[in-house]
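For reference, each letter of the sequence shown is one residue, going 32 to 162 in the numbering used here. Beneath this line is the structure, given in structure tokens, with notes to follow.
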Amino acid sequence: MIAVDTNVLVRFVVRDDARQTCRARRLLERLQSEGGRAYVSDIVLCELVWVLERSYRVARSEIADVLARLIRARPLTFDSTERIAGAIQSYGQGKGDFADYLIREHAVARDCDCVVTFDRQLLRESGFVAP
């Protein structure tokens, strides 16, 4: 198994550099055909969202769709597709950052009662409380 960095997924999703896009696509196709796997960490997903939002101005709903497709992609493996799926759903509907929702999903998985935060937007949502 290999791990992929954020920039490989950015090229695959955005397709703004023909050469690198082709290389990223071929990598995933090769893994698919050979039964190989590529690990995508939660950090890479958070960076991907940040890059798509900030650098490419991709809409939140489109980013949620991209993430949902990625977690269903056969050659890609993640720490927990269930936690990521929960974070994607909250991100698509909420106002917080994807990373915040992923933090909450990890907290819930660890049997935490809540996530303590100063973020006022998040305090309006379940699972987040002020200190």
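Where is the CB? At the ideal position from N, CA and C, for every residue including glycine.
Note down, in chain order, each residue of its chain lying with its Cβ closer than 7 angstroms to the Cβ of residue 53, except the 5 sequence neighbours on either side. In the sequence shown, residue 53 corresponds to position 22, counting from 1. So no residue of the chain qualifies.
Measuring CA to CA, which of 119, 142, 144, 41 is closest to residue 91? To locate residue 91, count along the sequence shown from 1; it is residue 60. Among 119, 142, 144, 41, the Cα nearest to that of residue 91 belongs to 119.
Own chain residues within Cβ distance below 8 angstroms of residue 161, not counting five before or after: One-based indexing of the sequence shown puts residue 161 at position 130. The beta carbon of residue 161 sits closer than 8 angstroms to those of 147, 148, 149, 154, all from its chain and outside the five residues before and after it, given in chain order.
Check this for me: beta carbons of residue 70 and residue 104, under 9 angstroms apart or not? What you label residue 70 is simply residue 39 of the sequence shown in a count that begins at 1. What you label residue 104 is simply residue 73 of the sequence shown in a count that begins at 1. Note that the C-beta distance between residue 70 and residue 104 is not below 9 angstroms.
Within 9 angstroms of any Cβ in chain D, is that where the Cβ of residue 66 sits? Protein chains in the displayed structure number just one, and chain D is not present.
Smallest Cα separation from residue 137: which of 74, 36, 67? Taking the first residue of the sequence shown as position 1, residue 137 is located at position 106. For residue 137, the nearest C-alpha among the options comes from 74.
Within 9 angstroms, strictly: CB atoms of residue 129 and residue 72: Taking the sequence shown and counting its residues from 1, the one referred to as residue 129 is at position 98. Taking the sequence shown and counting its residues from 1, the one referred to as residue 72 is at position 41. Judged by beta-carbon spacing, residue 72 lies beyond the 9 angstroms limit of residue 129, meaning their Cβ atoms are not closer than that value.
Residue 146 in three-state terms, based on DSSP: Residue numbering aside, residue 146 sits at position 115 when the sequence shown is read from its first letter. Look at residue 146 here: in three-state DSSP terms it is strand.
Backbone CA spacing between residue 88 and residue 106 [nearest angstrom]: By one-based count along the sequence shown, residue 88 stands at place 57. By one-based count along the sequence shown, residue 106 stands at place 75. The alpha-carbon atoms of residue 88 and residue 106 are separated by roughly 27 angstroms.
Go through its chain and collect everything with a Cβ distance to residue 50's Cβ below 7 angstroms, but skip five positions before and after it. Start at 1 with the first residue of the sequence shown, and residue 50 comes out as number 19. None.
Is DSSP giving residue 35 helix, strand or coil here? Against the sequence shown, residue 35 aligns to sequence position 4. When secondary structure is reduced to three states using DSSP, residue 35 falls in the coil class, being assigned neither helix nor strand.
In chain order, what residues of the same chain lie with their CB nearer than 8 angstroms to the CB of residue 32, ignoring the 5 residues before and after it? Here residue 32 corresponds to residue number 1 of the sequence shown, with the count starting at 1. Only 67, 68, 69, 70, 108 meet the Cβ criterion.
Does the beta-carbon of residue 114 have 16 or more other beta-carbons within 10 angstroms, so that it is buried, or is it exposed? One-based indexing of the sequence shown puts residue 114 at position 83. By the neighbour-count criterion, in which 16 or more other beta carbons inside 10 Å mark a residue as buried, residue 114 falls on the buried side.
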